[in-house]
Amino acid sequence: MPVRVQQEDFDLSSEVAQLRAGDARVGAVAAFVGLVRDMNEGAGVSEMALEHYPGMTEKALEAIVAEARGRWDLFDALVVHRVGTLQPQDQIVLVAVTSAHRGEAFAACEFIMDYLKTRAPFWKREVTPAGARWVDARESDEGAAARWAR
Amino acid sequence: MPVRVQQEDFDLSSEVAQLRAGDARVGAVAAFVGLVRDMNEGAGVSEMALEHYPGMTEKALEAIVAEARGRWDLFDALVVHRVGTLQPQDQIVLVAVTSAHRGEAFAACEFIMDYLKTRAPFWKREVTPAGARWVDARESDEGAAARWAR
Amino acid sequence: MSVRILYFASLREHLGMGSEELELPEGLGTVGELRAWLTSQGREALAAVPNLRFAVNQEMARASDPVLDGDEVAFFPPVTGG
Amino acid sequence: MSVRILYFASLREHLGMGSEELELPEGLGTVGELRAWLTSQGREALAAVPNLRFAVNQEMARASDPVLDGDEVAFFPPVTGG
Chain A
1 MPVRVQQEDF
11 DLSSEVAQLR
21 AGDARVGAVA
31 AFVGLVRDMN
41 EGAGVSEMAL
51 EHYPGMTEKA
61 LEAIVAEARG
71 RWDLFDALVV
81 HRVGTLQPQD
91 QIVLVAVTSA
101 HRGEAFAACE
111 FIMDYLKTRA
121 PFWKREVTPA
131 GARWVDARES
141 DEGAAARWAR
Chain B
151 MPVRVQQEDF
161 DLSSEVAQLR
171 AGDARVGAVA
181 AFVGLVRDMN
191 EGAGVSEMAL
201 EHYPGMTEKA
211 LEAIVAEARG
221 RWDLFDALVV
231 HRVGTLQPQD
241 QIVLVAVTSA
251 HRGEAFAACE
261 FIMDYLKTRA
271 PFWKREVTPA
281 GARWVDARES
291 DEGAAARWAR
Chain C
301 MSVRILYFAS
311 LREHLGMGSE
321 ELELPEGLGT
331 VGELRAWLTS
341 QGREALAAVP
351 NLRFAVNQEM
361 ARASDPVLDG
371 DEVAFFPPVT
381 GG
Chain D
383 MSVRILYFAS
393 LREHLGMGSE
403 ELELPEGLGT
413 VGELRAWLTS
423 QGREALAAVP
433 NLRFAVNQEM
443 ARASDPVLDG
453 DEVAFFPPVT
463 GG
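Protein chains in written order, with my numbering: chain A, 1 to 150; chain B, 151 to 300; chain C, 301 to 382; chain D, 383 to 464.
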């Protein structure tokens, strides 16, 4: 399964080890981990909750991974995204990609993150001293995804 | 120490955990791992030896990390590069970068790899069925590094 | 025709519900028309959320995309995962 | 003047040595001149390696960079780490 949505935390080393297990063609692994920050838009964040759209989330992530595999020569790709309640410093998302060479691994990994940020149905709600609030989408994320248009 | 040259293997999770330890400002970790492939330039590779220039290697890697920190808003960056004898599937190099946002983490991580590939004094020697041979530098690596010129 | 409607995040909170099953009146052919009708039926938050997004049968959709009998139609604010 | 010379990788193998300490004759002012002189002194591999690279005191250098008394000068093929 190249995509997983789960409440549990994940371990970067074991996920990457499993992704490339036994495949000696792999010369490059690019990985990204997104984390809960204790500060966002100028306010302290003490807790974050992640809501998603079960069913569509998995389909959207699989479509993004399939699109990446169509664009670059990858051996494998993995997306793990957590849902539920998280604290600052907690891991939110992992994207890992294996390829023969680094250029393709880097590009595919960043592409998957940029598309995930604008196309995968997750929503963040954060708790600040002023109360809980839904996180606003960042315009820069639309711009980042648009770079890959073709 | 942001750079290490060592014979021993490294663990991706522990390196990243240490890099971001206690820093709740970190929202993004980009990491790259380079691995020994069992095939290069059309020949099977059974073993690889990595030679380096002790003293200069560390300085060159530190200069590359410093350059990356000057170009992007990073919290921290780490380079671990192995030397000695390695087998296919072994880890060769780790580059990991922490930042508030993913764009800077991805750019800095790829920049460090591209510069390392052309400016850090390491040389690979691989054993193939036809005997041992020094790996030739790839022209595409010069091109990748030149992209960052400014 | 009959459709299943889903609401997420701030929209779900404003409406006080995550989903509903509805019989639609004749003449509702697109997601945009469905949205307008739902707004007129007391679900004003559908007009208030900036940059509202749509999905039909769990795929991102546009206001001009068709809605058919048995479809699952979702409304939500721009996504903020990652 | 006296310099320490280092050779790496295929160049080290071809020359059969990794380093040497040398007294240079008068008139050798640059890395390029040092290379030419070394080649003329029986170290022909210095002319044979394509795209030979240089470092002076552990920093990448050019053929036109100066060599001074006490310097550490390294010659090696293009790097291939990572």
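Note that the Cβ used here is the ideal one computed from N, Cα and C, for glycine as well.
Please report whether the beta-carbon of residue i lies at a distance below 8 Å from any beta-carbon of chain B.
i: A:Met48; result: no
i: D:Val431; result: no
i: D:Pro460; result: yes
i: D:Ala437; result: yes
i: A:Gly27; result: yes
i: A:Ala30; result: yes
So is residue i in contact with chain A if we call contact Cβ pairs under 8 Å?
i: B:Asp161; result: yes
i: B:Val285; result: no
i: C:Phe375; result: no
i: B:Gln239; result: yes
Applying a beta-carbon distance threshold of less than 7 Å, which residues of chain B neighbour residue i?
i: A:Leu110; result: The amino acid at residue 110 of chain A is misidentified as Leu; the sequence shows Glu. Under the 7 Å cutoff, chain B gives Phe256.
i: D:Ser392; result: Trp284
How far does the alpha helix (DSSP H) with residue i in it extend, from its first residue to its last?
i: B:Asp240; result: Run containing B:Asp240: none; DSSP gives neither H nor E here.
i: A:Ser13; result: Leu12 to Leu19
i: B:Gly293; result: Glu289 to Ala296
i: D:Glu395; result: Ala391 to Leu397
Looking at the C-beta of residue i, does it have a partner C-beta in chain D at a distance below 8 Å?
i: B:Pro271; result: yes
i: B:Glu217; result: no
Just confirm the distance between the C-beta atoms of residue i and residue j, as a whole number of angstroms; I'd bet it's less than 8 Å.
i: B:Leu169; j: B:Leu228; result: 5 Å
i: A:Met48; j: A:Leu86; result: 5 Å
i: D:Asp447; j: D:Val385; result: About 13 Å; that fails the 8 Å criterion.
i: C:Thr330; j: C:Val367; result: 6 Å
i: B:Glu201; j: D:Phe390; result: 6 Å
i: A:Thr118; j: C:Val356; result: The pair is not a contact, with the Cβ atoms about 18 Å apart (cut-off 8 Å).
i: B:Pro271; j: D:Phe458; result: 7 Å
i: B:Leu185; j: B:Ile242; result: 6 Å
i: C:Leu306; j: C:Ala345; result: Not confirmed; about 14 Å, so no contact.
i: B:Trp222; j: B:Ser249; result: 7 Å
i: B:Phe182; j: A:Val16; result: Incorrect: roughly 11 Å between the Cβ atoms, too far for contact.
i: B:Tyr265; j: B:Ala246; result: Rounded, the Cβ-Cβ distance is 15 Å, inconsistent with contact.
i: B:Arg154; j: B:Val230; result: 5 Å
i: A:Phe10; j: A:Leu94; result: 6 Å
i: D:Ala445; j: D:Phe436; result: 7 Å
i: D:Val455; j: D:Leu416; result: 6 Å
i: B:Glu260; j: A:Phe106; result: 5 Å
Check the Cβ-Cβ distances between residue i and every residue of chain C, and say whether any is below 8 Å.
i: A:Leu116; result: yes
i: A:Glu51; result: yes
i: A:Met113; result: yes
List the residues of chain C that residue i touches, going by C-beta distances under 9 Å, in chain order.
i: A:His81; result: Gly381 and Gly382
i: A:Gly55; result: Gln358 and Glu372
i: A:Ala34; result: Position check: residue 34 of chain A holds Gly in this sequence, whereas Ala was assumed. By Cβ distance, chain C contributes Gly381 and Gly382.
List the residues of chain C whose Cβ lies closer than 8 Å to the Cβ of residue i, in chain order.
i: A:Trp93; result: The question names Trp, yet the displayed sequence has Val at residue 93 of chain A. In chain order: Gly381 and Gly382.
Residues of chain A with CB closer than 8 Å to the CB of residue i, please, in chain order.
i: B:Arg154; result: Per Cβ cutoff of 8 Å: no residues; B:Arg154 is ~17 Å from chain A at best.
i: B:Val166; result: Leu12 and Val33
Starting from residue i and walking both ways along the beta strand (DSSP E), at which residues does that stretch end?
i: A:Val3; result: Val3 to Gln6
i: D:Ser422; result: Per DSSP, D:Ser422 belongs to no beta strand (DSSP E); it is in the alpha helix (DSSP H), Val413 to Ser422.
i: B:Ala178; result: Ala178 to Leu185
i: C:Arg343; result: Note, C:Arg343: premise wrong, no beta strand (DSSP E); not H, not E.
i: D:Met442; result: Glu441 to Ala443
i: C:Val379; result: No beta strand (DSSP E) contains C:Val379, which DSSP labels as neither H nor E.
i: B:Ser196; result: Element bounds for B:Ser196: n/a, residue is neither H nor E.
i: A:Val135; result: Counting along the chain, A:Val135 falls outside any beta strand (DSSP E), and DSSP gives it neither H nor E.
i: C:Ala355; result: Arg353 to Val356
i: D:Ser446; result: Here D:Ser446 belongs to no beta strand (DSSP E), and DSSP marks it neither H nor E.
i: B:Arg175; result: Where B:Arg175 is concerned, there is no enclosing beta strand (DSSP E), given that its DSSP letter is neither H nor E.
i: C:Glu321; result: Ser319 to Glu323
i: B:Val277; result: Phe272 to Thr278
Residues of chain A with CB closer than 7 Å to the CB of residue i, please, in chain order.
i: B:Arg221; result: Simply none; closest approach about 16 Å.
i: B:Gly253; result: Ala144
Name the chain B residues that come within less than 8 Å of residue i, Cβ to Cβ?
i: A:Arg37; result: Ala174, Arg175, Val176, Gly177 and Ala250
i: A:Pro129; result: What A:Pro129 touches in chain B: nothing, since even the nearest Cβ is about 15 Å away.
Quiz item: At which residue ranges does the region 50-117 of chain A contain complete alpha helix (DSSP H) runs of 4 or more residues, listed in the order of the chain?
Solution: 56-71
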